[in-house]
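The opening position of the sequence shown corresponds to residue 907 in our numbering, with each subsequent residue numbered one higher.
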Amino acid sequence: MLEVDALRVSAGRFRLHDVSLSVGRGECHAVLGPSGAGKSTLLAAILGVLVPETGRIRLAGADITTLPIERRGLGYVPQQLGLFPHLTVRENLVYSARARRIPAARFEPVLERLVAATGIGALLERSPRTLSGGERQRVGLVRALASQPQAVLLDEPFAALDEALRRDLWWLLRALRRDWELTILLVTHDLAEAYMLADRMTVLLDGRVAQQGDRMEIYTRPAMPDVARFLGVETLEAGRVVAAQDDLVTVEVGSARLTALGPVALGAEVLVSIRGEDVALSRTGGAGGSARNRLLARVVSLREGSPLRCVELDAGFPLYALVTRPASEELALRPGAVVTAVIKAPAVHLIPRRSG
């Protein structure tokens, strides 16, 4: 449906390098990255605000690289919506469709359905100035979809909202996508948002594609250290593979040894990546179960978080576990307490270390 092929774009001193991605019909593809990674530059090029130096943009097979913005067939929901303050909500929605020269007979039935689906019927005669942040975002979604675009671009549309409201809008967008078979390109720096909404992800770092693929693959198996750090992996430690048998390898990290899934060559220098949510803690030694890694560990510190506490451990190397508050209290976790850290082999992800 939406294809970006080897796009190279400059914005001031910043350059986007040969970015390619595709979004299938009815899919949501999230582009993630820290500030300055190139997310907004990519979106501006797809919209037609910036002219690419090289590369092509296609929508439903048609080349739209050089088309003006209004002829690209794209919907757009920016973070700052820019609703016309002198028009009512209804007039804002109608103006958007008419600006694209869509006949009323075509957009009005669609608009009516969207208003019902998003629950903004009571807002139609109000001024945008009187709307809350969540109400404005609902109006923005309807405005973008009323013209029946072939694909919708979302530029961190929920970033300024509180957590509860953001999650409500995530569920609304999921429902709209299911019911309307929307094709969505979502730009965000929020991993939770991308994981909730997207099928596939592209991680941008310094204007380049650092990793791309299925959301679960990227979440659990970051391809390089910078991706792991951006994605919030709690434990990232240097290690060396000291044994390999069948599809299992033993990696030495600090003074401990861990079992992980291969294939990784014997003697390979790696970075051991472990998510805190994959570390289970026990006071009894964690007997039974299928986990291959059981490490005696000492609690170094506890950090409050929402909704989980982060437990820093000395397990022969720095290891971090995420636990619920009730679990932390049941285990009587305190600095100096000794616990068993239980980790399944598939949760120990090994990232090759590049020389230099």
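Beta carbons: idealized from backbone N, C-alpha and C, even for Gly.
Keep in mind it's a predicted model, so treat the numbers as computed, not measured.
Check whether the Cβ of L1137 sits closer than 8 angstroms to any heavy atom of the ligand ATP, and report yes or no. The ligand ATP is not part of this structure, which contains no ligands at all.
Exposed unless 16 or more other CB atoms sit within 10 angstroms - verdict on V983: Residue environment: V983 is assigned as buried (16 or more neighbouring CB atoms within 10 Å of its CB, all protein chains considered).
Just mark I970 as buried or exposed, buried being the case when its beta carbon has 16 or more other beta carbons within 10 Å. Under a 10 Å Cβ-count criterion, I970 is classified as buried, with 16 or more other Cβ atoms of the shown protein chains found around its own Cβ.
For R1231, count neighbouring C-beta atoms within 10 Å of its own C-beta (all shown protein chains included) and say buried if the count is 16 or more, exposed if not. It counts as exposed.
Fully enclosed by the region 931-1008, which beta strand (DSSP E) runs are 3 residues long or longer? If we require 3 residues or more, the beta strand (DSSP E) runs fully inside the region 931-1008 come out as 934-938, 960-965, 980-983.
Anyone know if the C-beta pair for P1258 and L1137 falls short of 9 angstroms? With respect to the 9 angstroms criterion, P1258 and L1137 are not classified as neighbours on the basis of their beta carbons.
Best match in E1143, L1037, L1088 for proximity to L993 [C-alpha to C-alpha]: Nearest to L993 by C-alpha distance, out of E1143, L1037, L1088, is L1037.
Around the Cβ of G1113, are there at least 16 other Cβ atoms within 10 angstroms (buried) or fewer (exposed)? Per the 10 Å Cβ criterion, buried.
So V1148 and E1140 are supposed to be a Cβ contact under 8 angstroms. How far apart are they, rounded? Contact flag wrong, Cβ pair sits at about 24 angstroms.
Do you know offhand how far R1073's Cα is from A1221's? For the pair R1073 and A1221, the Cα-to-Cα distance works out to about 36 angstroms.
Name the residue from L1029, A1171, G967 whose alpha carbon lies nearest to the alpha carbon of V995. Of L1029, A1171, G967, the smallest CA-CA separation from V995 is found for L1029.
Enumerated in chain order, which unbroken segments of the beta strand (DSSP E) with a length of 3 residues or greater are wholly contained in the region 1064-1103? You should have 1090-1094.
Is the separation between the beta-carbon of L1103 and that of R1084 shorter than 9 angstroms? Taking the C-beta atoms as reference points, R1084 is found no nearer than 9 angstroms to L1103.
Beta-ladder partner(s) of Q1043, from DSSP: Answer is none; Q1043 lacks a bridge partner.
I'd like the list of long-range same chain contacts for P991, defined as Cβ closer than 8 angstroms, with 5 residues on each side in sequence excluded. S1033, P1034, R1035, listed in sequence order.
Can you give the Cα-Cα distance for E1210 and G988, rounded to whole angstroms? So the alpha carbons of these two residues sit roughly 38 angstroms apart.
Excluding five sequence neighbours on each side, which residues of the same chain lie with their C-beta closer than 6 angstroms to the C-beta of K1250? So the list reads A1197, once near-sequence residues are dropped.
When the Cα of V1093 is compared with those of A943, M907, A1144, which residue comes out closest? Ranking A943, M907, A1144 by Cα distance to V1093 puts A943 first.
Just curious, the beta strand (DSSP E) that E1143 is in, first and last residue? E1143 -> beta strand (DSSP E) spans 1141-1151.
Is P1252 buried or exposed, if buried means 16 or more other CB atoms sit within 10 Å of its CB? Burial call: exposed.
8 angstroms contact criterion, which V1205 and L1239 should meet: CB distance rounded: Indeed they touch by this definition, with Cβ atoms about 6 angstroms apart.
Proximity of P1055 and G1168 at Cβ, strictly below 9 angstroms: No, the pair does not count as a contact, with Cβ atoms beyond the cut-off.
A1129 to E1235 span [Cα, whole Å]: For the pair A1129 and E1235, the Cα-to-Cα distance works out to about 36 angstroms.
Per DSSP, what are the beta-bridge partners of T1108 in this structure? DSSP output for T1108 lists V937, Q1118 as bridge partner(s).
What span of residues does the alpha helix (DSSP H) with V1170 cover, start to end? The continuous stretches of alpha helix (DSSP H) do not include V1170, and DSSP gives it neither H nor E.
Answer yes or no: do C1216 and L1208 have a C-beta to C-beta separation smaller than 9 angstroms? In this structure, L1208 lies closer than 9 angstroms to C1216 by Cβ.
So, for P940: in the same chain, excluding its five sequence neighbours on each side, which residues have a beta-carbon less than 7 angstroms away from its beta-carbon? Sequence-distant partners of P940 (beyond 5 residues in either direction) whose C-beta falls short of 7 angstroms from its own C-beta, in its chain, are H1095, F1136.
Can you give me the C-alpha to C-alpha distance between L1060 and L953, rounded to a whole angstrom? Cα to Cα, the separation comes out at about 11 angstroms.
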